[in-house]
Each structure stands twice: as C-alpha cells, then as structure tokens.
Ligand code: GCO
Ligand code: MG
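Numbering (this note's numbering), first residue to last: 725 to 1128.
This is the structure in structure tokens:
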C-alpha cells in the first residue's frame, strides 16, 4: 500500500526555559515518523494552533515523499502567505518530511543533499558581560575550548542589558515602561569593547557583532566604518528589514562584512541583497522562511553570488532546527559559519541525538534523516510559559518605541 501521512501535530516544550515548537508527522508505516522545527517562540501557541488545525487537515492522507509539491501547496493554501506564523508551521512539516525521506533512504540528511563537503561545522559562540574584563574572560574561555569565532556584545543587544551604558539622558516624566537603551552610548561602547578585545587577544581570532537593528541607518553606517580597524568577521543586522535599501549605501561606505536576515520571511527581502552583492552572509531563521526546502534554494542562489550561509542558531531554535542547520552546513559548499548557542542537560535528554560541539566544530550524528528524536513524556515536564516577552518593548531615552 502507498505510504500516507496519518497525523500532523505540534509539540510545545521548554527544556531551556524558552518555548519551542516541534512538529511530528506520522505515516501509515508503523514507526515511521519525522520531526521538524516550527519555533517562533514569541507566538508559539499561534503556530501550534496552525499546525493542529490547518496543516493536519491539509496533509493527512497525502504522500509524504512529495516534499516540494506539499510545500508549495501548504504555502498557497491560505492564499495570503510569507508570514512568520504560517511559514513556521510549514517548516515544521517540511523538516519532518525530509526526516522521513532520510529514514526511508537510510541516509542522514547531509547525504541526501549530496554528501558532506566538510567533516565538522565551524561555529561561533556568544561572549557577553557586564564589564570589559568579563567579556574578555568569556572570550578567553572560548579560546581555551577551541572556539575560533566569537560574537562580542557588551551588555547584550543595544548595550544596556547590564546597565553598562547608563548616562545622563533620563526619560521624560511619565515615560512608558520598557527596555531602555541609548543609541549613542551603545555605539561608543561597541568601539570600546572591540578595542579592548583586539588589544587583549590580537587579530588571529575572528570576531562578530550583532547590532540587532538598534541604530538609525546612517549611524549603522558610521559604526560599520568605525569598526573597520578591528577587522570583523561580520557585522549583523545593522539595518532593519524595512530599511534594506540602505545596504546599497552601506556597501559603498564600508568594507566591514555584512550579515543579514534573521527577521526575513519573504524571498523579496533577500533576493535583491544577494543579486546586488550587498551582503556577505545570509542569516535567515530557517523555520521562519518555511524550512529546508526554501533554505536549499536560498543557499544555491547565494552560491551563485559568493554569499555565504550563517543560519540563525539562537536558543529559540529547537534542537531539531539546530540539527537541520548542521546537516545543511555539512552539505553546502558556500557555508560560512554557524551560530551555536549550545544545549543544557534537559534539552539533550528531551531531544536524544542532538548535534555535538567539540573543539570549535559541531558534528551531526550519522543516523538517518535529521538523526534527532523527542522524548514526549519528558518534554511535558518542561511546559512553556505564556508570559509575553518584555525585551521587545524596547525604547530610546526619550521613551520612543524602538525596533527591538
Ligand atoms: C541572534 C539573535 C537572537 C534573537 C532571538 C529573538 O543573532 O542570535 O539576534 O538572539 O534576538 O532569536 O527571539
Ligand atoms: Mg541576531
């Protein structure tokens, strides 16, 4: 009898505190199922609802081997498309179908994609701290662990998470609550921390920084120029997706390498940046663009223009999503770097088969498909909090709301 999809459902769990959404697709063959990542952590309940109420009725009874056809069908089924909630729901199914295909072929995903072009995936880790010394000590630890690329933030995104950029510009009376930061103090602090790190460790270590769309475009360009002497590996999200035209000006002004894309949903956002060679690294959140199927197309488009991949890999990607990133990284020639946030003990137990970091490189296991599973009983012990995120209510010194 022909293979059919028999069930599609969302599983929400938070073994590291951050809500994650994983989709399980079952088939008519006993024991044959796939897993995919659908994590849009800030609206996880909405994604889970879309999976259970729309993806399931759309897909039950269909042939799971027709990944591209099902992807296209799921994209246009609601007519309105390319939004974060539904693309994450589609990604959960898409990755699960690739997982199933790998299991049917008895091949790890990287093999299905053409085979390894490297044995391990070079990753970057995050160094953050309250003081310059603390940031430096984190870097020192990473160097001792064999990490070759480190992202430097002093006080988190926008620089004031630990109060390091506090200044005299107080908000007006009655200003709204929020995560306050000061764009000027932030910019000055970034130059200071890079100066400190380069003086302490020299230039053989690769360094990145994430602006997290915290600056006005001309200020982002100024910062890119100011950071030139510190020789960054990349400078991330210097502009908001709403301001991508400014990349043309940024490119003319600075040779600091540019990474962009974790907020992208629609191919129209990345296509011009790649075709005009305005960025060096594409950093999409793979579940946010709809999964492995569109990620392969995107990576090949980038390959044609010498743009390298740097898939988004924070704590709000599930271990299933991280596994998908790693398989792509192993098989794509134009891989650049992988962000690696690591897993705590609980996440490794809930998701047996997690990729592993050893001396600066992450390795996939060689099991078929994504090679990762979920212990659903254990997952229930880590329920997701429905508290809304506070950090996205970001404000400038005069109380004006700012993109987070
Ligand atoms: C990164 C990111 C993340 C995001 C987070 C949003 O580059 O790692 O900017 O930390 O802020 O994924 O939920
Ligand atoms: Mg980022």
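Positions of the beta carbon are idealized from the N, C-alpha and C atoms, including for glycine.
Starting from the Cα of residue i, find the closest Cα among the options and give me that residue.
i            : options                   : result
residue 1127 : 978, 1105 and 941         : 941
residue 1010 : 1079, 1049 and 731        : 1049
residue 1131 : 1114, 983 and 743         : Only positions 725 to 1128 of the chain appear in the structure, and residue 1131 is not among them; the question remains open.
residue 981  : 987, 965, 1006 and 994    : 1006
residue 1020 : 912, 1047, 1055 and 1001  : 1055
residue 974  : 997, 993, 839 and 989     : 997
residue 925  : 985, 859 and 815          : 859
residue 832  : 1051, 1078 and 1071       : 1051
residue 765  : 1004, 1089, 1099 and 1040 : 1040
residue 960  : 969, 966 and 944          : 944
residue 1062 : 1073, 1087, 1068 and 1076 : 1087
residue 1025 : 1042, 994 and 987         : 994
residue 952  : 968, 977 and 1069         : 977
residue 882  : 898, 781, 909 and 1113    : 909
residue 1103 : 1117, 1042 and 1122       : 1042
residue 776  : 730, 793 and 754          : 730
residue 1028 : 1001, 728 and 970         : 1001
residue 857  : 834, 917, 871 and 823     : 917
residue 991  : 735, 846, 1018 and 879    : 1018
residue 914  : 947, 929, 904 and 928     : 947
residue 1117 : 899, 1004 and 1008        : 899
residue 1092 : 822, 1119, 1031 and 912   : 822
residue 929  : 936, 865 and 806          : 865
What do you reckon, is the C-beta of residue i under 7 Å from a heavy atom of the ligand GCO?
i            : result
residue 1040 : yes
residue 1004 : no
residue 1063 : yes
residue 1036 : yes
residue 986  : yes
residue 1053 : no
residue 765  : yes
residue 938  : no
Is any heavy atom of the ligand MG found at a distance shorter than 7 Å from the C-beta of residue i?
i            : result
residue 1046 : no
residue 960  : yes
residue 933  : no
Since residue i and residue j are thought to touch, with beta carbons under 8 Å apart, how far apart are those beta carbons, to the nearest angstrom?
i            : j            : result
residue 1014 : residue 811  : 4 Å
residue 1096 : residue 1047 : 4 Å
residue 987  : residue 954  : That pair is no contact at about 25 Å.
residue 1094 : residue 1044 : 6 Å
residue 938  : residue 907  : 6 Å
residue 743  : residue 1012 : The Cβ separation is near 15 Å, so there is no contact.
residue 875  : residue 934  : 6 Å
residue 1075 : residue 1098 : 6 Å
residue 1121 : residue 842  : Contact doesn't hold; Cβ gap of about 46 Å is too wide.
residue 903  : residue 1114 : 6 Å
Using a 10 Å radius around the Cβ and a threshold of 16 neighbouring Cβ atoms, would you call residue i buried or exposed?
i            : result
residue 1143 : This structure leaves residue 1143 out entirely; the chain is present only between 725 and 1128.
residue 819  : buried
residue 748  : buried
residue 816  : buried
residue 877  : buried
residue 1125 : exposed
residue 788  : buried
residue 971  : buried
residue 779  : buried
residue 839  : exposed
residue 803  : exposed
For chain D, find out if any of its Cβ atoms is closer than 8 Å to the Cβ of residue i; answer yes or no.
i           : result
residue 773 : Of the protein chains in the structure, only one exists, and it is not chain D.
- Would you check if there are 3 or more beta carbon pairs closer than 8 Å linking the segment 843 to 856 to the segment 1108 to 1116? no
- Query: Pairing CB atoms from the segment 1024 to 1035 with CB atoms from the segment 739 to 756, are three or more of them under 8 Å?
  - Reply: no
- Message: Three or more C-beta pairs under 8 Å: does that hold for the segment 1082 to 1091 against the segment 795 to 814?
- Response: no
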